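Residue numbers (UniProt numbering): 1 to 93.
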C-alpha cells in the first residue's frame, strides 16, 4: 500500500511539465540557459523560441547591417530538439 507522500510525489511528477533549455547566439555572444522553462508541448517550445528571437531582434537589428540570430532548444537530456534562425542583411544602394 502506498503512503500519502508517495502518492503525492507520484502525482506531482506525472503532472510536472517538461523542462526545455533555450540557448541563443547572435554571432558575437552566445548564452546558455541553465535554468530551463516548463512548457506543455513542442508547439509551445517553437513559439517561445521564435518569440524570443523577435524580442532579441528588436534590440539588436537597428544598429547592425548584417545579423544572424539563432535559438537552439535542448530537452532535459541535453539534446537539441529545435532550432530557429533569423537573418538580416541590409545595405545602401
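Don't be surprised by glycine CBs; every beta carbon is placed ideally from N, CA and C. This structure is a prediction, so every number in the text was calculated from the model and none was measured.
Member of 52, 66, 39, 63 whose CA lies at the smallest distance from the CA of residue 72
52
So what does DSSP say about residue 38, is it helix, strand or coil?
strand
What do you get for residue 69, buried or exposed, if any count of 16 or more other CB atoms within 10 angstroms of its CB means buried?
buried
Just verifying my parser: in three-state terms, what is the DSSP assignment at residue 63?
helix
Helix, strand or coil at residue 29 according to DSSP, with G and I counted as helix
coil
Taking DSSP as the reference, what is the three-state secondary structure of residue 10?
For residue 10, the predicted structure reports a pLDDT of 46, less than 50, and the residue's modelled location is therefore unreliable. The matter cannot be settled from this model.
Length of the line joining the Cα atoms of residue 55 and residue 17:
24 Å
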